[in-house]
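Chains A and B are the protein sequences, given in the same order.
Residue 166 in our numbering sits at position 166 of the first sequence, and the numbers go up by one each step.
Add 234 to a position in the second sequence, counting from 1, and you land on the number used in our numbering.
Just so it is clear, CB atoms sit at the ideal spot from N, CA and C, and this is done for glycine as well.
First comes the structure, then the notes that go with it.
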Amino acid sequence: MDTGAALALGDDALVLSHRLAEWAGHAPVLEEEVALANIALDLLGQARILLSMAGDEDELAYLREERAFRNLQLVEQPNGDFAHTIARQLLFSTYQRFLYEALAGDPVFGPLAVKAVKEVAYHQDHAEQWTLRLGDGTEESQGRMQRGLDALWRFTGEMFRPVEGLALNWQKLEERWLASVTAVIERATLRVPGGPRTGAWAAGAGREGLHTESFGRMLAEMQHLHRSHPGASW
Amino acid sequence: MATVTDAGQAAVDAAQAAHTAAFDAAVAADERIEPRDWMPDAYRATLVRQIAQHAHSEIIGMQPEANWITRAPSLRRKAILMAKVQDEAGHGLYLYSAAETLGTSREELLDKLHAGRQKYSSIFNYPTLTWADVGAIGWLVDGAAITNQVPLCRCSYGPYARAMVRICKEESFHQRQGYELLLTLSRGTEAQHAMAQDAVDRWWWPSLMMFGPPDDESSHSAQSMAWKIKRHSNDELRQRFVDICVPQAEALGLTLPDPDLKWNEERGQHDFGAIDWTEFWDVLKGNGPCNEQRISQRRKAHDEGAWVREAAAAHAAKKTARNEQEATA
Ligand SMILES: [Fe+2]
Ligand SMILES: [Fe+2]
Numbered sequence: 001m002d003t004g005a006a007l008a009l010g011d012d013a014l015v016l017s018h019r020l021a022e023w024a025g026h027a028p029v030l031e032e033e034v035a036l037a038n039i040a041l042d043l044l045g046q047a048r049i050l051l052s053m054a055g056d057e058d059e060l061a062y063l064r065e066e067r068a069f070r071n072l073q074l075v076e077q078p079n080g081d082f083a084h085t086i087a088r089q090l091l092f093s094t095y096q097r098f099l100y101e102a103l104a105g106d107p108v109f110g111p112l113a114v115k116a117v118k119e120v121a122y123h124q125d126h127a128e129q130w131t132l133r134l135g136d137g138t139e140e141s142q143g144r145m146q147r148g149l150d151a152l153w154r155f156t157g158e159m160f161r162p163v164e165g166l167a168l169n170w171q172k173l174e175e176r177w178l179a180s181v182t183a184v185i186e187r188a189t190l191r192v193p194g195g196p197r198t199g200a201w202a203a204g205a206g207r208e209g210l211h212t213e214s215f216g217r218m219l220a221e222m223q224h225l226h227r228s229h230p231g232a233s234w
Numbered sequence: 235m236a237t238v239t240d241a242g243q244a245a246v247d248a249a250q251a252a253h254t255a256a257f258d259a260a261v262a263a264d265e266r267i268e269p270r271d272w273m274p275d276a277y278r279a280t281l282v283r284q285i286a287q288h289a290h291s292e293i294i295g296m297q298p299e300a301n302w303i304t305r306a307p308s309l310r311r312k313a314i315l316m317a318k319v320q321d322e323a324g325h326g327l328y329l330y331s332a333a334e335t336l337g338t339s340r341e342e343l344l345d346k347l348h349a350g351r352q353k354y355s356s357i358f359n360y361p362t363l364t365w366a367d368v369g370a371i372g373w374l375v376d377g378a379a380i381t382n383q384v385p386l387c388r389c390s391y392g393p394y395a396r397a398m399v400r401i402c403k404e405e406s407f408h409q410r411q412g413y414e415l416l417l418t419l420s421r422g423t424e425a426q427h428a429m430a431q432d433a434v435d436r437w438w439w440p441s442l443m444m445f446g447p448p449d450d451e452s453s454h455s456a457q458s459m460a461w462k463i464k465r466h467s468n469d470e471l472r473q474r475f476v477d478i479c480v481p482q483a484e485a486l487g488l489t490l491p492d493p494d495l496k497w498n499e500e501r502g503q504h505d506f507g508a509i510d511w512t513e514f515w516d517v518l519k520g521n522g523p524c525n526e527q528r529i530s531q532r533r534k535a536h537d538e539g540a541w542v543r544e545a546a547a548a549h550a551a552k553k554t555a556r557n558e559q560e561a562t563a
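Structure (structure tokens):
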């Protein structure tokens, strides 16, 4: 099996799970401590299965250098405020849901996709509900939600660059994603961001191992302890 | 009261006496007091104080462990720790709900916590300095919590007792996971073993303090025992905990930092050294290593979340208004 696709999907889940886990103890309400942890745990579960398809999960998570990670740049973006986190989740969970739906019959990823899509449907719903609350809430929340979407929009084009080993119609995936996200944004009385969905300098960069600056720090924190005790088991 | 006639006052007194007698009889018969039942004001106040302190401990207790989530050294351990911290948030939710059945809202209790007018367990004012602290907290802190809380499953107040049943089940998972983490470290490399021993050395005494001051200095104990909110004294529970931990420490291959700890054949229990109560009172007063840090992180999360809670309320109000408009149209 070509491990590239397992790494791409596994790294997306691993990295976003890590970012969401950074909310622990900082969430705006207790219910969101539980909800964000829940999503983070689902994603970590998916990551462990996917990375194990490509090799040893801990070696892959803890001993790869930044340039070897295949996740989208979107998922490594720092949390920002709660609206920023929700915007990231809406954009990603919608993508992940349609991607897993499309992979349901895949001989390699089908079993995982069928199970994970149920989890992801909840993540998407959670993000949608908050997008509606924040978009159609107060003036402040609307401004924050809009800024979150605007800031992250340019990272979304990368999601639809074909990943080797995943046989699916990427153009159709993108159309579904755009229609779904547009509908939610409009219902939330927000604007669909107008800017470009990728930078010419970095189209598809995360999948090729080019990341943004904050990612290196994230990995430094994540990998430090494991790397400090070579060969130890935990 | 001047406006009440003597006959009226007598009737009120008689009703009060009947209520008190029914309440006392229910407690004596080990029946559960439920939210709609009459209860003495002081009983209600004691429960609110205790449940609030317990709820606050759950949510403040997330901080020292969340401190290690992003550095957990394997994906398996990371998942276990994330789930544990999530459980503690869930415990907070159950307990604030139990307090709500006594007529006190979560908002009100959080405000008191943030203003420093209600306490949380002092154990969380100690820092988690290494990964082994995650194991030591699971083994000792969750372990002490279980020893304290199992008797609360039979507490006279129904909603609190039922919350404790659910919570104790999860705490015992945490305790076993912490023990297993320490065991892995203890049997691991030399550096890992030393890390585990150091963590146990630092967490042992504060864990013993979790049972509260000695019985002769405990201000609320006697009344709580009479009301069957509390079933055993602080010193009894502390002794029980020590007796449970000693063989477990041996199995872990770790020592407990107390030269006076030894089996007393006559008592059939362990003797142990004197607890530094000066430290206990000092940490309780706010001078522990992390008091300031814990409460300011809590306040910061709450303040920074204010706009989110306002937005949710505004959205809900708009939705209700729209629904009403549709209904009348
Ligand atoms: Fe708990
Ligand atoms: Fe716990």
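Between residue i and residue j, what straight-line distance do the alpha-carbon atoms span, to the nearest angstrom?
i	j	result
L159(A)	Y95(A)	For clarity, residue 159(A) is Met in the given sequence; the question names Leu instead. C-alpha separation (whole angstroms): 8 Å.
D150(A)	L178(A)	15 Å
A535(B)	W515(B)	28 Å
Y360(B)	Q426(B)	21 Å
P491(B)	K312(B)	29 Å
Y62(A)	R310(B)	12 Å
A121(A)	R97(A)	6 Å
L315(B)	L417(B)	16 Å
A276(B)	A546(B)	36 Å
A551(B)	C479(B)	53 Å
R187(A)	D136(A)	8 Å
R305(B)	H224(A)	7 Å
D469(B)	L518(B)	18 Å
Following a CB-centred definition, is residue i positioned closer than 7 Å to any heavy atom of ligand 2?
i	result
D207(B)	Here chain B comprises residues numbered 235 to 563, so residue 207(B) is not present and cannot be evaluated.
H408(B)	yes
K403(B)	no
D537(B)	no
D376(B)	yes
K115(A)	no
Using a Cβ-Cβ cutoff of less than 7 Å, which residues in the same chain neighbour residue i once the five nearest sequence positions on both sides are dropped?
i	result
A244(B)	none
M235(B)	With a pLDDT of 49 at M235(B), under the threshold of 50, the predicted position of this residue should be treated as unreliable, and no value is reported.
Checking 8 Å against the spacing of the C-beta atoms, do residue i and residue j come in under that value?
i	j	result
I285(B)	A252(B)	no
A5(A)	V163(A)	yes
S356(B)	W234(A)	no
R88(A)	L152(A)	yes
V181(A)	L91(A)	yes
F358(B)	Q297(B)	yes
W511(B)	P440(B)	no
N71(A)	D12(A)	yes
I330(B)	I401(B)	Inspection of the sequence shows that residue 330(B) is occupied by Tyr rather than by Ile. No.
M218(A)	E76(A)	yes
S458(B)	T280(B)	yes
L336(B)	R388(B)	no
Q383(B)	E404(B)	no
A433(B)	A370(B)	yes
I380(B)	Q409(B)	yes
Taking only heavy atoms of ligand 1 into account, decide whether any of them is closer than 7 Å to the Cβ of residue i.
i	result
I380(B)	no
E322(B)	yes
G285(B)	Looking at the sequence provided, one finds Ile at residue 285(B) rather than Gly. No.
I293(B)	no
H290(B)	no
H466(B)	no
H325(B)	yes
Tell me which same chain residues have a C-beta within less than 6 Å of the C-beta of residue i, skipping the five on either side of it?
i	result
V476(B)	H504, F506
F155(A)	Q73, L74
L166(A)	A5
L374(B)	W437, S441
L168(A)	A102
K464(B)	S458
L50(A)	A6, L9, G10
Got a sec? Which residues, its chain only, sit under 8 Å from residue i by beta carbon, not counting five neighbours each side?
i	result
I86(A)	A127, W130, T131, L134, M145, G148
G392(B)	R266, I267, E268, P269
T338(B)	V282, A286
T212(A)	Q73, E76, Q77
**Prompt:** Taking contact to mean at least 3 C-beta pairs separated by less than 8 Å, is the stretch 284-292 of chain B in contact with the stretch 322-340 of chain B?
**Reply:** Verdict: yes, contact present.
**Message:** Along the stretch 112-135 of chain A, where does the CB come closer than 9 Å to a CB of chain E? Name the residues.
**Reply:** Absent from the structure: chain E. Protein chains present are A and B.
**Message:** Three or more C-beta pairs under 8 Å: does that hold for the stretch 545-562 of chain B against the stretch 36-46 of chain A?
**Reply:** no
**contact_flag[the stretch 96-108 of chain A, the stretch 20-34 of chain A] where n(CB pairs < 8 Å) is 3 or more** = Judged by Cβ distances under 8 Å, the stretch 96-108 of chain A makes no contact with the stretch 20-34 of chain A, as fewer than three pairs qualify.
**Message:** Count Cβ pairs between the stretch 46-62 of chain A and the stretch 3-17 of chain A that sit closer than 8 Å; are there 3 or more?
**Reply:** yes
**Message:** Using 8 Å as the cut-off, can you tell me whether the stretch 394-408 of chain B makes contact with the stretch 205-214 of chain A, which would need three or more C-beta pairs spanning the two stretches below that distance?
**Reply:** no
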